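Going by the UniProt record's numbering, the residue at position 786 of the sequence shown is 786; the numbering climbs one at a time, nothing skipped.
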Amino acid sequence: MAVKVGWKARAAQAREEMARTGKLVLRAPALVRGAEYLIRFTLSAVLAGAEILNGCAPFGLSMVGCSGSGLGGFAALLGACFGYLAFRGLTEGLRYVAAAILIFSVAFAFFDIKLYRQAWFMPVVTAALSGATGFVYLGEGGWEVATVIFFLTELLLSGACVYFYRTAFSPWLDKREEGELSTRQLASLFILGSTVLISLAQLTLVGDVISAGRVLAALAVMVFSSQGGLGPGAAAGVAAGLSMDLARGGGDWSCTVCYGCAGLVTGAFQGRSRTGCAVAYVLTNAVVVLWAWEGGAQLPLLYEVFTASVLFLLLPEQLLRKVRTRLSRERSPGTADRAAAYVRDRLTQTAEAFRALYESMRGSFRGAAPNDADLSSVFDRAADKVCRRCALRDACWQRDYNTTFAALNDALPAMAERGRGEAGDFPKHFSTRCLHFPQFLTAANEALTAALCRRQYQSRLQENRAAVFRQYGTLSALLGQAASELSEALTPDPVREKRLRRHLTALGLEGDAWVYYDQAGHLRCEVAGPDLSPLRQEPERAALSALLGVPLHAGEAEPPTAAGGEHLVFTQAEPLQAVMGAAARQKGGETVSGDAGGLLRTPEGLLYVMLCDGMGSGPAAGRESKLAVRLLEQFLRAGVQAETALKTLNAALALRSEEEGGFTTVDLLELDLFTGAAALYKYGAAPTYLRRGTSVSRVTGTALPAGLTDGERTTPDVTRLQLEAGDTVVLVSDGVADGREDQWLRDALAAFDGESPKDLARELVAAGTDEAGPRDDRTALVVRLSAR
């Protein structure tokens with residue numbers, strides 16, 4: 001079996017290390033596991049001595065049942081056997097020893113089957129085997145009503161404590177970071193501690209007057225109430241009081257009353273000084289004892305409480321701080337709001353800083369400063385190279401300077417337009433008089449080429465700098481938008497939230513629920529809990545929709561909660577729904593299409609349909625268009641507004657095109673499925689066609705493709721629409737229709753029966769093609785709206 005194999009492997013590794021090093025080295029994991037085994041052995045031995053209800057001792061068996069089949073379970077078995085024989089003797093303890101051996105045997109035999117991993121399996125096995133061994137003893141003692149009730153109670157406690165003990169050990173076994181305890185873990189720790197105190201209550205000090213268990217119980221109540229407040233304090237007081245009263249045989253519930261009242265009162269002093277909490281606890285116990293004086297003085301109880309208060313004052317602050325961290329149930333009411341306000345202020349300040357940087361840089365890029373790319377300087381460079389040693393230098397550049405300057409000035413426009421100079425650009429009197437005219441023309445052309453290159457470089461550098469500072473402006477706008485969203489508080493719906501919590505309780509699901517409205521006023525429902533699988537089923541989703549009065553989308557799984565449970569989010573369903581059909585075909589002779597499309601729906605009910613066409617066709621164009629779609633999807637998914645996302649994409653593609661030399665057309669449809677409001681954004685894209693009823697209209701644009709140019713005025717064409725159920729929108733690439741000969745497409749769209757958008761897309765892509773295939777990449781996206 002796997003456990004045996006693990007033991008053998010570890011033993012073989014230890015023998016090998018001893019043979020190699022001459023000593024046995026215990027590493028940290030081994031020490032931790034050893035400490036766990038020792039703790040389980042000790043707890044099992046102590047719990048075996050915890051007796052209630054006239055001799056019932058089920059808690060040692062529960063520790064064996066929760067410890068599993070490995071070494072931890074074996075250590076618990078040894079501890080339970082030792083404890084039962086030591087506390088109860090051979091005759092009475094043998095029954096529990098036999099039950100403990102049977103429980104461990106079942107766990108060892110079934111540990112690798114699926115049934116063993118069910119939460120109810122070991123509790124049921126523990127209760128059943130405890131009943132099987134105790135049934136014989138019960139028959140010998142007689143079937144009295146009280147005895148039968150105590151026996152059944154013992155079986156119930158033995159099975160239930162298996163579950164609670166396992167839960168109490170879960171923070172350690174799961175190895176999670178230290179944090180607040182869940183309600184189940186906290187209750188399980190109370191039960192484990194209470195049952196341990198039942199056993200320790202038998203240990204008496206100072207002439208059998210003061211019980212060590214009751215002193216520790218009072219100390220625990222004092223710690224929990226002072227660090228956890230009213231709820232944990234009252235719970236700890238009642239749990240400890242019940243355990244002490246049960247340890248005394250029942251019938252006298254004075255400990256429950258004293259500890260419960262004292263825990264409640266001391267919890268009201270949470271956050272005060274430690275002395276104040278101790279005084280409040282002692283005085284409360286004294287008052288309760290005085291009230292019950294006629295029923296018999298409980299002076300030992302006061303001695304024990306006083307002793308516990310002294311121990312409480314001596315506890316290290318680090319221990320109390322750790323308990324306070326574990327018991328922290330929730331943040332203060334204003335913490336979340338303050339955190340959001342802090343983040344909002346920081347985002348606003350960052351946005352203002354980028355805006356100030358943008359404004360300061362904006363003035364620096366309004367025009368290029370004078371530089372040596374001035375074309376009039378080309379003749380100065382040519383003259384310096386050719387005319388320096390010419391015999392007519394003084395005559396040309398001093399006595400007849402005006403004539404020379406006029407001749408060169410007349411030749412410059414033609415040279416600049418052509419990119420190089422020719423002899424015919426110069427007047428006859430200059431070219432015939434110049435002794436070295438061919439050399440002068442060659443030098444002028446070289447200087448002109450260099451000047452034009454410098455001018456192009458300066459222009460491109462200016463464009464790049466301008467693109468960078470425009471990105472600062474875009475980043476400032478995005479940060480401002482995020483800060484604005486944080487300032488819009490979510491609106492809770494307490495009536496629907498209470499209704500949802502009741503529904504979860506009726507389904508038997510543990511967890512928490514929140515119902516609120518987002519910034520757009522749409523209902524959102526979040527549920528967190530250990531097991532939410534029933535809510536994933538369609539009938540339960542329909543039941544939730546009926547319960548909250550609005551149609552809901554199926555639950556979207558969010559990241560697990562801190563406790564490892566599930567987290568589902570239900571969003572209000574939109575009144576409109578869109579059905580899209582797509583078809584594509586690459587250019588004849590190509591294996592890859594240069595077109596790319598995308599579809600995105602946000603939780604806010606916005607639908608985005610994208611179509612990009614890369615320059616040319618083939619793999620290179622396909623890479624460009626897919627890159628544009630992917631970047632655009634990421635921006636839109638992050639909540640960036642469509643126009644801002646397109647401008648940012650255009651700037652990025654423009655910088656990329658300096659190296660790659662490509663560009664991409666962009667066609668984007670934005671549709672609000674709640675209101676029908678839509679917008680068409682175009683960067684050099686083909687026309688988009690809209691059918692309403694039997695009429696077909698066309699939407700075009702004049703903007704250049706994305707990445708072809710960049711500037712403050714380079715914005716996409718935007719057309720606002722108001723769509724309704726029954727409308728159909730068709731996005732096509734220019735391989736399908738470029739707007740000049742599209743009557744056939746209008747006719748096909750007008751004849752569309754609305755049944756299958758996919759068939760219409762296929763028809764549009766296949767129209768007019770021959771055996772050689774289309775002359776350009778073809779893509780068609782058909783979106784039809786209907787009422788949900």
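Here a beta-carbon is modelled for each residue, glycine too, at the ideal position from N, C-alpha and C. Model, not experiment: these values are computed from the prediction.
- Per the coordinates, the alpha-carbon of Ala239 lies some 7 Å from the alpha-carbon of Ile191.
- Annotation: Thr442 to Asp400 spans about 23 Å, alpha carbon to alpha carbon.
- With a beta-carbon spacing of about 5 Å, Phe312 and Met222 fall inside the 8 Å limit used to define contacts.
- About 6 Å separates the CB atoms of Ala236 and Ala220; that is less than 8 Å, so the two are in contact.
- Going by DSSP, Gly529 is part of the beta strand (DSSP E) stretching over 523-529.
- For Cys612, the enclosing beta strand (DSSP E) starts and ends at 606-614.
- Contact annotation, Gly616 with Gly598: C-beta distance approximately 20 Å; criterion of less than 8 Å not satisfied.
- Positions of the alpha helix (DSSP H) runs, each at least 4 residues long and wholly inside the region 106-160, are given as 121-141 in order along the chain.
- CA-to-CA, the gap between Thr779 and Glu741 works out to about 17 Å.
- Under the DSSP assignment, Ser695 falls in the beta strand (DSSP E) whose first and last residues are 695-699.
- The three-state secondary structure of Asp493, taken from DSSP, is coil.
- In the three-state scheme derived from DSSP, where H, G and I count as helix and E and B as strand, Leu673 is classed as coil.
- The Cβ atoms of Leu607 and Leu671 lie closer than 7 Å to each other.
- Segment contact: the region 567-586 against the region 522-532, three or more CB-CB distances shorter than 8 Å; contact assigned.
- Per DSSP, the beta bridge partners of Thr719 are Leu680.
- Taking C-beta separations shorter than 6 Å and ignoring five residues to either side along the sequence, the partners of Cys261 in its chain run Thr284, Val288, following chain order.
- Exclusion of the five residues before and after Thr719 leaves Leu680, Val699 as the residues of its chain whose Cβ lies within less than 6 Å of its Cβ.
- DSSP, reduced to helix, strand and coil, places Glu724 outside both helices and strands of the structure shown, so it counts as coil.
- When Cβ pairs closer than 8 Å are counted between the two stretches, the region 48-66 is seen to touch the region 90-98, the count reaching three or more.
- Inclusion of Tyr689 and Val736 in the CB contact set at 7 Å is not warranted, their separation being larger than that value.
- C-alpha of Ala451 to C-alpha of Met580: approximately 55 Å in a straight line.
- In the DSSP annotation of this structure, the continuous segment of the beta strand (DSSP E) that includes Gln577 starts and ends at 576-585.
- In the three-state scheme derived from DSSP, where H, G and I count as helix and E and B as strand, Arg420 is classed as coil.
- Ser756 sits in coil when the DSSP states are folded into three classes, being neither helix nor strand.
- Using a Cβ-Cβ distance cut-off of 8 Å, the region 267-283 and the region 187-206 are not in contact, since fewer than three pairs of beta carbons, one from each stretch, lie closer than that value.
- A Cβ-Cβ distance of about 5 Å is found for the pair Gly605 and Leu673, placing them in contact under the 8 Å criterion.
- With respect to the 7 Å criterion, Lys682 and Asp717 are classified as neighbours on the basis of their beta carbons.
- Check the Cα spacing between Val783 and each of Ala645, Leu600, Leu320: the tightest is with Leu600.
- In the three-state reduction of the DSSP assignment, Thr571 falls in the strand class.
- Listed as beta-bridge partners of Glu566 by DSSP are Gly529.
- Per DSSP, Asp742 is not a residue of any beta strand (DSSP E), being assigned neither H nor E.
- The straight-line gap separating the alpha-carbon atoms of Ser67 and Arg40 is approximately 8 Å.
- Separation of Val32 and Phe74 (C-alpha to C-alpha, rounded to the nearest whole angstrom) is 16 Å.
- Of all C-beta pairs linking the region 119-129 to the region 70-85, fewer than three are shorter than 8 Å, placing the two stretches out of contact.
- Contact between Leu632 and Leu649 holds, with the beta-carbon distance rounding to 6 Å and staying under 8 Å.
- In this structure, Thr266 places its C-beta atom within 7 Å of the C-beta atom of Ser225.
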